[in-house]
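Below: the structure, in structure tokens.
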Amino acid sequence: MKQIQLIIVALLLFTAMGCSSQPDRSEGIVATNAVEEIYNFSQPAPNHAAGGQPKKHEMGLLADAGVDMVINLRSHAEMNDIHEPEWATENHLAYYHIPIAGADDLTEANVKLFHQTLWLNEDKNIFMHCASSNRVGAMMALRAAWFQGADTEAALAIGEQYGMTSLRKRVEELLNE
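When you line the sequence shown up against mature numbering (1 follows the signal peptide of the UniProt record, and there is no 0), it's residues -21 to -1, 1 to 156, in that order.
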């Protein structure tokens, strides 16, 4: 009788595991209408999303959509009244802050740190942001060229997919140096 009860409990647990409301993380981020309300939200790759600064409640929406980690590219000065590390922790999201204040911070050292962070977490679903996604796109373009062998045209296209706008001219200059 005990053996039958154990089998029933095991089957119930196994079945419950398959009924989880969490998305299958192996299939990437499952963007919902609510997540897409994040300013300038885009999903250029199955496991990458980019956008502007998420609000506190949007961090929970990102977690529900399958995001595992957040990379914040906003400067320290921009984050004074925003408690994003706490929001990430509350939602069980890994959190990385690589402060990029603007064009002057588009350095090889910063792009290398960004590249290494992405490379070491390539199995994760990642949301990257700054205020508008412009810096995200710039960093992705430079990463593609400097660390992944993309030519200038391909790197710029990647940057635009991730939100690069006003930093394009500076990125082009850096790629042509």
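Note that CB positions come from ideal geometry on N, CA and C, so glycine has one too.
- Under the Cβ criterion (8 Å, minimum of three pairs), the stretch 60 to 80 does not count as touching the stretch 136 to 147.
- Distances from the alpha-carbon of PHE93 to those of HIS62, ASN104, TYR75 put TYR75 closest.
- Shortest Cα-Cα distance from LEU99 to any of LEU146, MET48, LEU41, GLY30 involves MET48.
- The Cβ atoms of VAL9 and ALA28 do not sit closer than 8 Å to each other.
- Secondary structure in the stretch 72 to 104: the beta strand (DSSP E) runs of 3 residues or longer, each lying completely within the stretch, are 73 to 76 in chain order.
- When secondary structure is reduced to three states using DSSP, VAL14 falls in the helix class.
- Taking the CA atoms as reference points, GLY30 sits about 23 Å from PHE126.
- Restricting attention to ILE50, ASN12, LEU153, the CA atom closest to the CA of GLU101 is found in ILE50.
- Residue environment: GLY128 is assigned as exposed (fewer than 16 neighbouring CB atoms within 10 Å of its CB, all protein chains considered).
- Cβ neighbours of CYS109 within its own chain (closer than 6 Å, five residues either side excluded): LEU52, ARG53, VAL115.
- In this structure LEU135 is not in contact with ARG122, their Cβ atoms being roughly 12 Å apart against a cut-off of 8 Å.
- Short of 7 Å from the beta carbon of GLY39, and not among the five residues preceding or following it, lie these beta carbons of its own chain, in chain order: ASN70.
- When the Cα atoms are used, ALA117 and PHE20 turn out to be separated by approximately 16 Å.
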